[in-house]
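**Student:** After the structure tokens below, expect a handful of questions from me.
Right under this line is the structure:
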């Protein structure tokens, strides 16, 4: 009887955090996942890179199409390489997609706009090569 009581207590203590973790994971999957943009247009980083470029309506439309296409191709690549663990091959494919989008942007933007875009792109924070973010300062 004591063993049954102890088992029930243990299950209730361990079950609560497990339920909380599962609930948090489910909510996280329903929301934006870091590193992946929500469908429907360029992500916040792309929008930030294009800010202050004074795009015409035609340019904005073409740039949005370029980023949407790139986003779709990235998602297709992620889906097609689901079980492929060759990180270098995947990253090479992603860099190729990024280069293609960059060439399309260069053709769409004026030379001044493209130079500003490149400068902002160069200065943006990049994820660390090992995939782990540096520790945050605790304040």
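Numbering (the working numbering), first residue to last: -2 to 136. We treat Cβ as the ideally placed atom computed from N, Cα and C, and that holds for glycine.
In the structure shown, what three-state DSSP assignment does residue 53 receive?
**Tutor:** DSSP places residue 53 in coil when its eight states are reduced to three.
**Student:** Indicate the three-state DSSP secondary structure (helix, strand or coil) for residue 66 in the structure shown.
**Tutor:** Helix.
**Student:** Classify residue 98: buried if its beta carbon has 16 or more other beta carbons within 10 angstroms, exposed otherwise.
**Tutor:** Residue 98 is buried by the Cβ-count criterion.
**Student:** What distance in whole Å lies between the Cβ atoms of residue 46 and residue 121, which are believed to be in contact at a cut-off of 8 Å?
**Tutor:** Right, their Cβ atoms sit about 7 Å apart.
**Student:** Taking contact to mean at least 3 C-beta pairs separated by less than 8 Å, is the stretch 53 to 66 in contact with the stretch 97 to 114?
**Tutor:** Contact holds: three or more Cβ-Cβ distances are below 8 Å.
**Student:** If the criterion is Cβ atoms closer than 8 Å, does the pair residue 67 and residue 94 meet it?
**Tutor:** A contact, by the Cβ cut-off of 8 Å.
**Student:** For the alpha helix (DSSP H) containing residue 84, name the first residue and the last one.
**Tutor:** Residue 84 -> alpha helix (DSSP H) spans 84 to 105.
**Student:** Are the CB atoms of residue 90 and residue 106 nearer to each other than 8 Å?
**Tutor:** No, the Cβ-Cβ distance between residue 90 and residue 106 is not below 8 Å.
**Student:** Hey, quick one: how far does the alpha helix (DSSP H) through residue 119 stretch, first residue to last?
**Tutor:** Per DSSP, residue 119 belongs to the alpha helix (DSSP H) from 108 to 120.
**Student:** Note down the Cα distance separating residue 52 from residue 72, rounded to an integer number of angstroms.
**Tutor:** Cα to Cα, the separation comes out at about 27 Å.
**Student:** Given a cut-off of 8 Å on the beta-carbon distance, is the pair residue 50 and residue 119 in contact?
**Tutor:** In this structure, residue 119 does not lie closer than 8 Å to residue 50 by Cβ.
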